[in-house]
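Single-structure report; data block below.
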Amino acid sequence: MVSACSECGGTLVFDYRSGLVCATCGLISEVDDVLPSCSPSSKQRLGSTISKKFYIFKDAEERALPEHLQLKFERLKELQDSFYRGSYLDLFKLYRDLESIGDFLMLPEEVLDRCKEIFEDFISKVKNPYNNYALLMAVCLMIASRELGERSAVKVSELVEAFQRRGYSFSKKILVRTMSYASNIVPFTKKFRSCEEYIPKVISKLRSAPYINVRIRVAGMDPDDYFGMLTKISKDLLSSLSPIHRSGKNPFLLAASAVYVASTILSGQLGRCTIFTKVQYSKDVGIAEYTLRCHIRTIFEPLIAERRTTMAPLLT
551 MVSACSECGG TLVFDYRSGL VCATCGLISE VDDVLPSCSP SSKQRLGSTI SKKFYIFKDA
611 EERALPEHLQ LKFERLKELQ DSFYRGSYLD LFKLYRDLES IGDFLMLPEE VLDRCKEIFE
671 DFISKVKNPY NNYALLMAVC LMIASRELGE RSAVKVSELV EAFQRRGYSF SKKILVRTMS
731 YASNIVPFTK KFRSCEEYIP KVISKLRSAP YINVRIRVAG MDPDDYFGML TKISKDLLSS
791 LSPIHRSGKN PFLLAASAVY VASTILSGQL GRCTIFTKVQ YSKDVGIAEY TLRCHIRTIF
851 EPLIAERRTT MAPLLT
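In terms of this note's numbering, the sequence shown is residues 551 to 866.
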């Protein structure tokens with residue numbers, strides 16, 4: 551560390567407005583030139599703190615506040631953090647965020663109204679059971695969406711992402727675990743979704759891709775008629791699956807695979823080329839290509855062999 555002025559060799563003194571100033575000639579020295587380097591690449595000694603960071607609050611002129619004000623603002627910061635974590639009950643803010651989340655997920659008004667009813671039922675029985683009202687609201691929204699079935703099919707990851715956009719932070723694992731515990735307070739019958747409920751969601755993702763509608767028209771078919779037949783065949787395929795094939799599978803991914811297989815069967819019945827490719831389909835719907843191929847080979851291939859044996863080479 552350099553403790554003398556680079557011009558005259560005078561003593562450097564600290565000024566909160568300018569930094570380090572020479573007491574002899576008044577030259578202002580750069581702090582980076584005087585203080586030792588603390589680059590991220592420098593090697594850290596053992597014993598570096600990994601605990602919660604201690605904040606030093608300063609005023610507008612970068613002066614550290616007195617000790618009693620430090621304690622005051624530290625308490626205020628903790629209160630503000632708890633507010634944004636959702637542990638502070640503010641119905642106006644929660645309902646406003648719920649409306650924004652509903653718009654992001656494109657949920658009908660019935661789901662939001664039912665979510666508010668379940669939420670008010672919760673807080674009337676237990677006061678802040680999980681120390682996080684935002685997490686409780688997410689559980690209520692998941693329960694309400696599952697009650698309406700395929701009209702409001704929402705994945706857990708989408709729900710967590712929507713709440714994170716509003717500043718709330720919790721993981722998918724915590725949401726699922728909290729939902730399991732919530733059944734002890736407010737019993738609900740439908741804890742899981744069926745694969746059939748996700749088919750309209752997959753179809754809506756395909757409808758939103760402009761190139762798919764163009765390829766359907768080029769093949770000489772109407773998009774509405776095509777997607778209608780695709781939905782019917784997809785549900786027929788899923789209804790043929792035994793509980794053994796459904797067990798342990800993600801219902802959304804299984805529904806997405808069923809829609810792809812249905813499109814292949816439909817193209818063979820109509821004598822047209824396939825509309826989708828596995829690579830582009832997996833990107834548009836949100837399913838890994840490996841998962842799609844695995845479901846086709848291990849689950850749907852026997853069903854396709856029963857319906858139309860000539861379609862087998864197209865699916866391998």
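We put the CB at the ideal spot given by N, CA and C, even for glycine. The model shown is predicted, which means the values in this text are computed figures rather than measured ones.
If residue i and residue j are in contact, beta carbons under 8 Å, what's the gap, nearest whole angstrom?
i	j	result
I837	A806	5 Å
R701	P658	6 Å
V811	L787	6 Å
L648	M687	6 Å
N763	P750	With a Cβ gap of about 17 Å, N763 and P750 do not count as contacting.
L780	L816	6 Å
I668	A694	6 Å
Around the Cβ of residue i, are there at least 16 other Cβ atoms within 10 angstroms (buried) or fewer (exposed)?
i	result
E670	exposed
F672	buried
C572	buried
I783	buried
Y748	buried
G652	buried
S707	exposed
F642	exposed
Y683	buried
V676	exposed
C823	exposed
C555	buried
A610	exposed
A921	Coverage of the chain is limited to positions 551 through 866, which leaves residue 921 absent and any answer about it impossible.
S758	exposed
R664	buried
So what's residue i in DSSP terms, helix, strand or just coil?
i	result
V704	coil
C572	strand
S807	helix
S719	coil
S579	strand
N763	helix
I825	coil
D640	coil
V689	helix
S592	In this prediction, S592 has a pLDDT of 47, which is less than 50 and means its spatial position is unreliable; what the coordinates show is noted afterwards. Three-state result, S592: coil.
S817	helix
I673	helix
A769	coil
K785	helix
D647	helix
S790	coil
G798	coil
M729	helix
L853	helix
Could you tell me which residues DSSP pairs with residue i in its beta bridges?
i	result
A614	K608
A554	T561
S754	Per DSSP, none; premise fails for S754.
Let me make sure I understand the geometry here. Which of the options has the alpha-carbon closest to that of residue i?
i	options	result
Q819	S556, S790, Y776, R727	Y776
G798	L562, S758, C745, D647	C745
S721	L709, C558, V563	L709
D834	I753, S556, T848, I766	I753
G699	E711, Q714, I724, E660	E660
I849	C823, L662, P793	P793
Y731	V689, T561, Q714	V689
L756	P801, Y831, A808, A769	Y831
T841	L853, M779, L644, L804	L804
G717	R843, S650, L621	S650
S813	P801, F802, I846, E628	I846
L691	Y645, I735, N800	Y645
N800	M771, E697, R743, K666	R743
Relative to the ligand SAH, is the shortest distance from any of its heavy atoms to the C-beta of residue i smaller than 7 Å?
i	result
R767	Inclusion of the ligand SAH in the displayed structure is not the case, the ligand content being empty and no account of it being possible.
Quick check on residue i - is its C-beta less than 8 Å from some C-beta in chain C?
i	result
Y761	Reference to chain C is not applicable here, since this structure consists of a single protein chain.
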